[in-house]
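Numbering that gives the first Met the number 0 applies: residue 0 is where the sequence shown begins, and numbers increase by one.
Working notes, structure below.
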Amino acid sequence: MNNYPLTVTWDTDSDLLYHLECEKCGKLFWISNPWEKPLLCKVCQEKGGEA
């Protein structure tokens, strides 16, 4: 299921950020490019989890 509702905002560095839900733990997190990385929060990424 890759049909995510995206919440978009601008941060202080004028980067476009997307508010996504981690595929593994369900935690919401911000990412600048949801298309190039696994849709995992930093915690799950650091654990070495792949989507």
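Even glycine gets a Cβ: it sits at the ideal position worked out from N, Cα and C.
*Between the CA atoms of C43 and H63 - distance to the nearest angstrom*: Limits of the chain in this structure are 0 at one end and 50 at the other, which puts residue 63 out of reach.
*If you draw a straight line from the alpha carbon of L27 to that of W34, how long is it in whole angstroms?*
Stepping through the sequence shown from its first residue, residue 27 is reached at position 28. Stepping through the sequence shown from its first residue, residue 34 is reached at position 35. Straight-line Cα distance between these residues: approximately 16 Å.
*If you compare alpha carbons, which of K23, L16 and S31 is closest to E45?*
By 1-based counting over the sequence shown, the position of residue 45 is 46. Per the Cα distances, K23.
*Cα-Cα separation, K41 to G25*: For the purposes of this step, residue 41 is taken as residue 42 along the sequence shown, with counting starting at 1. For the purposes of this step, residue 25 is taken as residue 26 along the sequence shown, with counting starting at 1. Using only the alpha carbons, I get a separation of about 12 Å.
*In terms of DSSP beta bridges, what is L19 paired with?*
Taking the sequence shown and counting its residues from 1, the one referred to as residue 19 is at position 20. Per DSSP, F28.
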